[in-house]
Amino acid sequence: MYDLLWLVPTFPFLGFLILAIFGKKIGKKLSAVVGVGSIGLSALITILIGIQFLTNPPEGHAFVQTLWTWIAADDFKVNIAFHLDALSMVFAFVVTFVGFWIHLYSTEYMADDEGFSRFFAYMNLFVGAMLMLVMGDNLLLLYLGWEGVGLCSYLLIGFWYRDPANGYAARKAFIVTRVGDAAMAVGLFMLFYSFKSLNIQEILSVAPHVWSPGNKLAVASTLLLLGGAVGKSAQLPLQVWLPDAMAGPTPTSALIHAATMVTAGVYLIARMNGIYLLAPLSMTAVAIVGAATLLVAGFAGMAQTDIKRVLAYSTVSQIGYMFLALGVGAWSAGVFHFMIHAFFKALLFLAAGAIILAQHHEQNMFKMGGLAKALPVTFWTFLIGSASLAALPLITAGFYSKDAIIWYAWSGPNGSIYLWMAAVFGAMVTAFYTFRMVFVTFFGEQKMEISHYPTWRVHIPLIALAFFALFGGFIELPGTLGHLTLFSDFMKSALPVVEGGHHEVSLEIFSQVLTAVLALVSIFVAYYLYLKNMQIVTNFTSTKFGHGLQQFLLSGLGFDWLYERLFIRPYVWLSRTNKRDFIDFFYVFLPWLARQFHYLFKYTQTGKVRRYVVGIVFGVLVSITIVVIL
Amino acid sequence: MIAISLNTGLIIASIMFFTGLIGVMIRKNIMFMLISIEIMLNAAGLAFVFAGAQHGQADGQIMFLFILTTAAAEVAVGLALIIQFYQNLKRSIPMLPII
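From first to last, the protein sequence lines stand for chains A and B. With this note's numbering as the guide, the letters of the first sequence map in order to residues 176 to 805. With this note's numbering as the guide, the letters of the second sequence map in order to residues 51 to 149.
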């Protein structure tokens, strides 16, 4: 079964090729079959491999399949090779499995779009590139996938390219992530400089012998890799692109900008755990970036009116939790939250897409309302996803994954009380804006008639994902609640287990109860403010301070405003000043000089042979004189 | 027979050569330019003959025969060209301008 590993990324790439070449000719029906089928086959093989991985793990809990040599130049050797261990297994499973449901959903969501086959071609290319990213056994292959998913993200954000705003959002996403990618490339150069290899396993096994803990190179290269991760995963300070990325079709937001691509940064850091452990400073940086991001994005989420932007900010915030977990050394907790988050966030986006379809493509949730009766399946699944996102205690998967992170933020090897406080506060904020969204969208009066009732192609993905968003958490229960460690046991072969820290059971219970109570309280506050007594909110926002605060939060805490002044305007000013390109003066001067010589020597070209003879004789005389004199 | 030294011979040859060269440079009539070129060729041939005599070898004279042959071929082509010019331009030879 393991030998079929190469087929997993091959099917999506094949699907992309077929759709890209024949997409226009084969029509929508066949395009859908190819687009969904390729991911379906890929998911099927991944699940079969996963079952074998669980029952009959390969030697050393890792399987490497080398296909061919990509680059071989002296001691620089890069293979096209796939590395399958517990970590890449989880990521590949989520990418193909969640990806499959989203593809199935897209067949209905995009049904009336003229770019139907183009959409599926991009989506297939994305899945293929993402699989390259998570399964590549060397950093160069990982980087190839990394750039591949970035390209697909760009193409899909700007999918409806006729609207210039979408093109702007796409370019913004591409350029902002490029900043991180440049840092990451430099980081890769430093790793190659230190280890003379880009093979991930080789680097991880050699690193402790080459670098002592706290080595400057280790800190620098891990911080640069963090830069790449921050760009791709939309963390502070490069988080500005993700809310704008919602310009793309909703399935794209679900697959790329929520479930998979934006978690590539989490994968990168988890994958390179060995070198991060050698750089405590970088670990702290990861944790602080995560904690700061989850708060900033949470605050921004509280004031959004566009349903997709609420979800976008919640994605940024939840990835902040994952970074926090990685930073404090709770590796498997971070990956666990990634998996659960992929389920419930994909679910939320798909349900939001169904709502948007049903409401004449309106995205402002304050213009919706009372949809609970009209769209029961969407409502219940959305509620499940929201409960999971808000970490409703005991019954949802999100509770178990987020609770683990919150607890480790305190008790983990790098944990501290401040990180814990940020995480708890973030959880409260999350519960508030999530249920604000639920109450505003589904309760109250219905303000618009339903323009489209979803069919089974929407309902089945929603129900399937809701199942996992609800029950996916039961494979890993905290020590105080049953102590089940199936997931972390599985990850043990790929990621270091949590060591050190302190483990007082009473504190853990305190943390859990506090989180649970705060979540419930925030839900009640959201209920009270946005359903029961909306007057309070309108009164507050009509005051000068309230209005200012609302605008500040709505703009994502003014980061766009800041970057506009810090980077864009100086750059525009510089390019305007330098319109004539002063370096170009030198290059204009060279042809000018050549032309002047040309004009000068032109006069010797008379066409009279006698003159030429005189010239030749003169030249000969000069040469002879020089020879004689010297 | 009076033996002429190599030095004297080469001086004569170079005088001839420069005579021809100056002829090429200052003459406007193509006929005279052709004659001047012949003089230059003969100067080179003369230098070969002197050098061969100096070393007591026949090579110089053989080279002169070569030059003579080349000169004959060149004159044949050159004269043919001049006649063509004349026929096309319908001017007397002394008046032909240098192309």
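Yeah, the Cβ is synthetic: ideal placement off N, Cα and C, and Gly gets one too.
- Residue range 237 to 248 is occupied by the beta strand (DSSP E) that includes residue 241 of chain A.
- By the rule that beta-carbons nearer than 8 Å mark a contact, residue 113 of chain B does not touch chain A.
- With a contact defined as Cβ atoms closer than 8 Å, residue 447 of chain A and residue 400 of chain A qualify at about 6 Å.
- Of the candidates A:240, A:476, A:303 and A:574, the residue whose Cα lies closest to the Cα of residue 187 of chain A is A:303.
- Counting along the chain, the unbroken alpha helix (DSSP H) around residue 131 of chain B starts and ends at 109 to 139.
- Secondary structure of residue 689 of chain A (DSSP, three-state): helix.
- Of all alpha-carbon atoms in A:782, A:618 and A:470, the one lying nearest the alpha-carbon of residue 604 of chain A is that of A:470.
- Within chain A, the C-beta atoms nearer than 9 Å to that of residue 71 of chain B come from 788 and 792, in chain order.
- For a Cβ distance threshold of 9 Å, nothing in chain B lies close to residue 770 of chain A: the least Cβ distance comes to about 30 Å.
- Looking at A:488, A:585 and A:514, the one whose alpha-carbon comes closest to that of residue 442 of chain A is A:514.
- Residue 478 of chain A is positioned such that its CB atom lies no closer than 8 Å to that of residue 693 of chain A.
- For residue 623 of chain A, the CB contacts under 6 Å within the same chain, skipping 5 residues up- and downstream, are 534 in chain order.
- By a beta-carbon distance limit of 8 Å, residue 291 of chain A does not contact residue 200 of chain A. Their separation comes to about 13 Å.
- The three-state secondary structure of residue 733 of chain A, taken from DSSP, is coil.
- If you check the CB distance, residue 462 of chain A and residue 594 of chain A come in under 8 Å.
- Ranked by Cα distance from residue 631 of chain A, the options A:351, A:695, A:258 and A:276 are led by A:276.
- Counted as a single uninterrupted DSSP element, the beta strand (DSSP E) harbouring residue 260 of chain A occupies residues 251 to 260.
- Each residue's CA atom was taken as its position, placing residue 527 of chain A and residue 561 of chain A some 11 Å apart.
- Rounded to the nearest whole angstrom, the CA to CA distance from residue 626 of chain A to residue 433 of chain A is 26 Å.
- Taking 4 residues as the minimum length, the alpha helix (DSSP H) runs contained wholly in the stretch 560 to 605 of chain A are 572 to 586, in order along the chain.
- Annotation: Cβ neighbours of residue 75 of chain B in chain A (cutoff 8 Å, chain order): 785, 788, 789 and 792.
- Bridge partners of residue 660 of chain A according to DSSP: A:651.
- For the stretch 730 to 802 of chain A, the continuous alpha helix (DSSP H) assignments of 4+ residues that do not extend past its boundaries occur at 734 to 738, 744 to 752 and 759 to 777, in sequence order.
- Taking the CA atoms as reference points, residue 255 of chain A sits about 20 Å from residue 439 of chain A.
- Per the Cβ contact rule, the stretch 294 to 312 of chain A is not in contact with the stretch 339 to 346 of chain A (fewer than 3 Cβ pairs under 8 Å).
- Taking C-beta atoms as the reference points, residue 211 of chain A and residue 282 of chain A count as a pair closer than 8 Å.
- Annotation for residue 70 of chain B: 86, 87, 89, 90 and 93 place their beta carbon closer than 7 Å to its own, counting only its chain and skipping 5 residues before and after.
- Distance from the CA of residue 752 of chain A to the CA of residue 739 of chain A, rounded to the nearest whole angstrom, comes to 18 Å.
- Burial check for residue 217 of chain A: the Cβ neighbour count within 10 Å reaches 16 or more, so the residue is buried.
- Residue 801 of chain A and residue 54 of chain B have their C-alpha atoms roughly 31 Å apart.
- Membership of residue 511 of chain A in the alpha helix (DSSP H) is indicated by the continuous run 506 to 533.
- Taking all protein chains in view, the Cβ of residue 388 of chain A is surrounded by fewer than 16 other Cβ atoms within 10 Å, so the residue is classified as exposed.
- Shown here, residue 481 of chain A sits in a strand according to DSSP, grouped into three states.
- With distances taken between CA atoms, residue 409 of chain A lies nearest to A:350 out of A:372, A:350, A:377 and A:749.
- For the options A:194, A:638, A:494 and A:663, the alpha carbon positioned closest to that of residue 649 of chain A is the one of A:663.
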